[in-house]
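Please read the structure below before turning to the comments.
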Amino acid sequence: MEELMSEKLLIGRLMPDEIDDECAESIRDIWLRAGNLIGEGQTNPDLTRAVCDINSPDNLRREVRRRDSGIYVVKRLGSGALLAAARVTIKRGRVAPQYGDNQAGRPMYMEIFGASDDAEKAWPDYLQSMVDQARKDFGQSMRSRVTKLCAYASTDADERFADAVRRVNPRTYEKHGGEVGSFGVVGRLAGLYFRHDVEFDVPQTARVLAGLGGAALSLLGNLRGPLGNPVPVRMGSIEEELPNAA
C-alpha cells in the first residue's frame, strides 16, 4: 500500500491475509452506505441483506485473489481503521449495463464504493486516490495502460458520487443510462444503474506523436504529381517518395 503522508493514511489493494472477520465487517458497514448505491443518510433493507450475504470473509478473500479484480481501501496509519472501500475490476460483469464497451479501449469498472462517517468531507479525494492506484496496479498486471474508468451508480445514488467521478477528468466525463437508468446486475446486485465514465489523459508525448502522425498522413495523402495525379503514400524517405518536377 502507498502512504499518504499529509493525512497519515494508507491506500491500496487488500491482500487475502488482511481480511479477517473484523476487516470484513468494516467493509460491509461501509458498503451499507455505499455512495454509488444509496443517497446520503439513507438506508435500504434489501441492500443491507444483499451486502451482508454476498460479502462474507471467505467471499471477500476469494475476490481479492482474482487477478482481474480487487478491493481498494483507504485506512488510517496505525489504527488500521477503514475510511473508504471500493471494488474495482477490469472484467465487466456479463449482465452489467454496457455502453459501447467494445470501443472503450481498456476500461476498469468500479462496482461499489462507500466511505465511513469519518470520511464525510474527504471521500471524493479518497476516490481519486483509489482510482489512481487501481489504474497503476491493473496497468502493471495487464502490461498495458488502463484508458478509462466506468463507475456504476444506482438511480438512488448520492449525487456527490457522480461529481467525484467527474472530477477525475471533467473534460472527458460522460453519463450513460438515460433518464431512468438501465437494468443490470453489478457486483451481484440487480437494479437500475447509470454509468459515469471518464477517460484518462494520454501522456503529453503520446498526444504530440499522435497529432504529428495524423498531420503527416493528411499532408502526404494530398500530394499530387506534376500532372495533378495523386501520389500514393508508401513507407520510405521523402527523397524516395516525392516525384521530381519535370
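Letter 159 of the sequence shown, counting from 1, is numbered 159 in UniProt numbering, and no numbers are missing. Where a beta carbon is used, it is the ideal one built from N, C-alpha and C, also for glycine. Values in this document were obtained by computation on a predicted structure and should not be read as measured data.
- DSSP, reduced to helix, strand and coil, places A164 within a helical segment of the structure shown.
- Segment contact: the segment 170 to 183 against the segment 121 to 135, fewer than three CB-CB distances shorter than 8 Å; contact not assigned.
- The residue among G70, T48, E18 and R49 with its C-alpha nearest the C-alpha of D137 is G70.
- Secondary structure at S154: strand, using DSSP grouped into helix, strand and coil.
- Residue ranges of uninterrupted alpha helix (DSSP H) with 4 or more members, entirely inside the segment 41 to 65 and ordered along the chain, are 45 to 54 and 57 to 65.
- Just so you know, the alpha carbons of R167 and N36 end up roughly 15 Å apart.
- A direct Cα-Cα distance of roughly 12 Å separates D158 from T43.
- In the three-state scheme derived from DSSP, where H, G and I count as helix and E and B as strand, R87 is classed as strand.
- In the DSSP annotation of this structure, the continuous segment of the alpha helix (DSSP H) that includes Y126 starts and ends at W123 to M142.
- Burial of S26 is indicated by the presence of at least 16 other C-beta atoms within 10 angstroms of its C-beta.
- A straight-line Cα-Cα distance of about 14 Å links V88 and A96.
- Assignment of R94 by DSSP, reduced to helix, strand and coil, places it in the coil class.
- Annotation for E25: the continuous alpha helix (DSSP H) segment containing it runs D21 to W31.
- For the pair Y193 and T147, the CB atoms are not nearer than the 9 Å cut-off.
- Cβ-Cβ distances below 8 Å link R67 to S141 in the same chain, with the five nearest sequence neighbours on each side left out; the list follows chain order.
- Less than 9 Å divides the Cβ of G93 from the Cβ of G184.
- Taking every protein chain shown into account, the CB of N55 has 16 or more other CB atoms within 10 angstroms, so this residue is buried.
- Sequence-distant Cβ neighbours of M15 in its own chain, meaning closer than 8 Å and more than five residues away, are V64.
- It is roughly 20 Å from the alpha-carbon of I90 to the alpha-carbon of V74.
- In the three-state reduction of the DSSP assignment, A119 falls in the helix class.
- The C-beta separation of I19 from L47 comes to about 21 Å, leaving the pair out of contact by the 8 Å criterion.
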